[in-house]
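Numbering (the working numbering), first residue to last: 7 to 309.
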Ligand code: MEV
């Protein structure tokens, strides 16, 4: 039996703009999705997943893989996760990448990480219809990436420290809905939206340099600017805005929503000395602190 795990993700900067071909920054987190795969003596595959949502991704991955590589054996896939899909840390992309890699090892195919990414992105698009693939990319490579849609660019940033706090808003976001919302706005107000995406892209490029040089004060200011633009895009919510404002008042270098908007999480870049104060401020306005380590390893076989 093969066991493989892949990490969840946190979008740092550049959400939505990345869907339109601009770069984003994304980091892998230490909440992982585990996939066990084995060949079984049975007439049918056996898929055991605790979360219904994940089973769709496993099923689609398995049928794509079997058809592409002409595999006739029956396979048992069992998944388990460190995290709930509720908080938006990317369990669907992690389970897809981990399943492909487990099958890759099980059938000795020596597929490259790029091939695992391409197939996983294809499968997530089949199911979700929309998305840049940033979550699939970082589940594959791990670390922190500067990413451009479709894997056109996947640059690993050399970071030794990324002092982030994650606050969950208590609301599950509907990512495809918010992607469509922005796309409708884009159709109606193309020039205005393009200007906003271009501004986001400038922030992403600057933030990348500031994060590499550990100039967190400057990077934080860009996080907050990115949040302001996301508000203009119409994807923030009162609770996310309140959590961001509370973090800033409590002394965070910067804060923003992370992901599609409409719920899920916000992130704050915070000096270690102020960590506790900022976390308390987030809790006080109704947010839940999610303990995560960032910049962690990509898809990997477990011993
Ligand atoms: C969602 O977490 C981030 C978006 O940019 C969508 C995507 O890139 O797939 C809104």
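The beta carbon of each residue, even a glycine, is placed where N, CA and C say it ideally should be.
Exercise. Is the Cβ-Cβ distance between residue 24 and residue 305 less than 8 Å?
Worked result: no
Exercise. What is the rounded straight-line gap between the Cα of residue 114 and the Cα of residue 75?
Worked result: 11 Å
Problem set entry | Those runs of the alpha helix (DSSP H) which lie wholly inside the segment 158-205 and span at least 4 residues | 181-194
Exercise. Can you tell me whether DSSP reads residue 219 as helix, strand or coil?
Worked result: coil
Exercise. By Cβ distance, which residues of its chain are closer than 7 Å to residue 188, with the 5 residues on each side in sequence left out?
Worked result: 22, 239, 241
Exercise. In chain order, what residues of the same chain lie with their CB nearer than 6 Å to the CB of residue 42, ignoring the 5 residues before and after it?
Worked result: 7, 9, 84
For this session: State the DSSP-derived secondary structure class of residue 69, mapped to helix, strand or coil.
Result: helix
Exercise. Quick one: is the Cβ of residue 266 within less than 7 Å of any heavy atom of the ligand MEV?
Worked result: yes
Problem set entry | Span separating the alpha-carbon of residue 258 from that of residue 18 | 15 Å
Problem set entry | Residue from 279, 290, 226, 283 whose Cα sits closest to the Cα of residue 263 | 226
For this session: Alpha carbon to alpha carbon, how far is residue 232 from residue 192? Give it in angstroms, no decimals.
Result: 18 Å
For this session: Output yes if chain B places a C-beta closer than 8 Å to the C-beta of residue 146; else output no.
Result: Looking at the structure shown, chain B is missing, and only one protein chain is on hand.
Exercise. Which partner residues of residue 384 appear in the DSSP bridge assignment?
Worked result: Any answer about residue 384 is impossible in this case: the structure gives the chain only from 7 up to 309.
Problem set entry | Inter-stretch contact at 8 Å, needing at least 3 Cβ pairs: the segment 167-184 / the segment 194-210 | no
Problem set entry | 4-residue-minimum alpha helix (DSSP H) runs that sit fully inside the segment 214-271, ordered along the chain | 222-239, 244-255
Exercise. Looking at C-alpha atoms only, which residue of 98, 270, 121 is the closest neighbour of residue 39?
Worked result: 98
For this session: Give the straight-line distance between the Cα atoms of residue 153 and residue 16, rounded to the nearest whole angstrom.
Result: 13 Å
Exercise. Helix, strand or coil: how does DSSP classify residue 156 here?
Worked result: helix
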